[in-house]
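Numbering (this note's numbering), first residue to last: -10 to 238.
Where is the CB? At the ideal position from N, CA and C, for every residue including glycine.
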């Protein structure tokens, strides 16, 4: 257990020391949040939710997506091509530690990213919610990041380190835009609104938007996210086993 915790700590610190990751996944969402809250105006209401509160969740989700994709894809691809996992199999550690520590580390980073956005919203934009709503929105956003952690690992197994970073960046911005994280889905053209219904980014953020609008959690959002998680995880495991990169001890 001690070795697992040390490896998890190493994964967290390695990501935080990565300037590109820190900028794209943590600083960029905060910067966009302040920028668009003041550009659009605090008095705007979207689906019954004040704009500063609505966009706080949008950017928290944006950051969580980036943590999973940018934090894992190129690293997994690089370590896979360099034989890092096979090297770990020669040590006393369980081979499964390689993946489980990365997942745990990314969840911790999700907590950090969501906490920063929530503090920014509450302290500077006067966002208020009940304690139960804060907790529910935080938990769903953080755990919903598992979908994008699985996608990041999948991308890392599909391409080399350089190509995986490009693919991850494209997916990051495309899924964020089409999922309504940069602009409300209700303001999009009909075709874009239709596409948003298939995006995991939209369904993750929609859970929080619904909670804040006192509409309750839609079971459709939960099922769509669960389906994406199963598909991404299944494909990642299949590719990992096919290439004999990861053997669960």
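Asked: Hey, could you find the ends of the alpha helix (DSSP H) residue 222 is sitting in?; Found: 208 to 231
Asked: If you draw a straight line from the alpha carbon of residue 113 to that of residue 45, how long is it in whole angstroms?; Found: 11 Å
Asked: Taking the beta carbon of residue 176 as the centre, do at least 16 other beta carbons fall within 10 Å, making it buried, or is it exposed?; Found: exposed
Asked: Answer yes if the segment 107 to 125 comes into contact with the segment 89 to 98, meaning at least three C-beta pairs across the two stretches below 8 Å, and no otherwise.; Found: no
Asked: Can you name the start and end residues of the alpha helix (DSSP H) that residue 24 belongs to?; Found: 17 to 29
Asked: Can you tell me whether residue 227 is buried or exposed? The criterion is at least 16 other CB atoms within 10 Å of its CB, across all chains shown.; Found: exposed
Asked: To the nearest angstrom, how far is the alpha carbon of residue 236 from that of residue 75?; Found: Note that residue 236 has pLDDT 46, beneath the 50 cutoff, so the model's placement of it is unreliable and the number below is only indicative. Each residue's Cα considered, the two are about 9 Å apart.
Asked: Examine the Cβ distances between the segment 52 to 64 and the segment 8 to 22 and report whether three or more of them are shorter than 8 Å.; Found: yes
Asked: Is the separation between the beta-carbon of residue 167 and that of residue 185 shorter than 8 Å?; Found: yes
Asked: Determine which residues share a DSSP beta bridge with residue 33 and list them.; Found: Looking at the DSSP assignment, residue 33 forms no beta bridge with any residue, so it has no partner.
Asked: Tell me whether residue 194 sits in a helix, a strand or coil according to DSSP, three-state version.; Found: helix
Asked: Leaving out five residues before and five after residue 11 in sequence, what residues of the same chain have Cβ atoms less than 7 Å from its Cβ?; Found: 5
Asked: Taking 7 Å as the limit between beta carbons, can you name the residues of its chain near residue 56, skipping five residues before and five after?; Found: 14, 95, 98, 99, 102, 134
Asked: Curious, which full-length alpha helix (DSSP H) runs of at least 4 residues does the segment 67 to 118 contain?; Found: 73 to 77, 86 to 113
Asked: Could you tell me if residue 239 is buried or exposed, where buried requires 16 or more neighbouring beta carbons within 10 angstroms of its beta carbon?; Found: One cannot answer for residue 239 here, as it falls past the ends of the chain, which runs -10 to 238.
Asked: Based on DSSP bridge pairs, tell me the residues matched to residue 38.; Found: 35
Asked: Report the residue from 156, -4, 36, 141 whose alpha carbon sits nearest the alpha carbon of residue 85.; Found: -4
Asked: Does the separation of the CB atoms of residue 66 and residue 158 fall below 8 Å?; Found: no
Asked: If you measure between the beta carbons of residue 36 and residue 202, is that distance less than 8 Å?; Found: yes
Asked: How is residue 62 classed by DSSP in three states: helix, strand or coil?; Found: helix
Asked: Comparing alpha-carbon positions, which option in 8, 58, 130 lies nearest residue 146?; Found: 58
Asked: Note the first and the last residue of the continuous alpha helix (DSSP H) segment covering residue 141.; Found: 135 to 147
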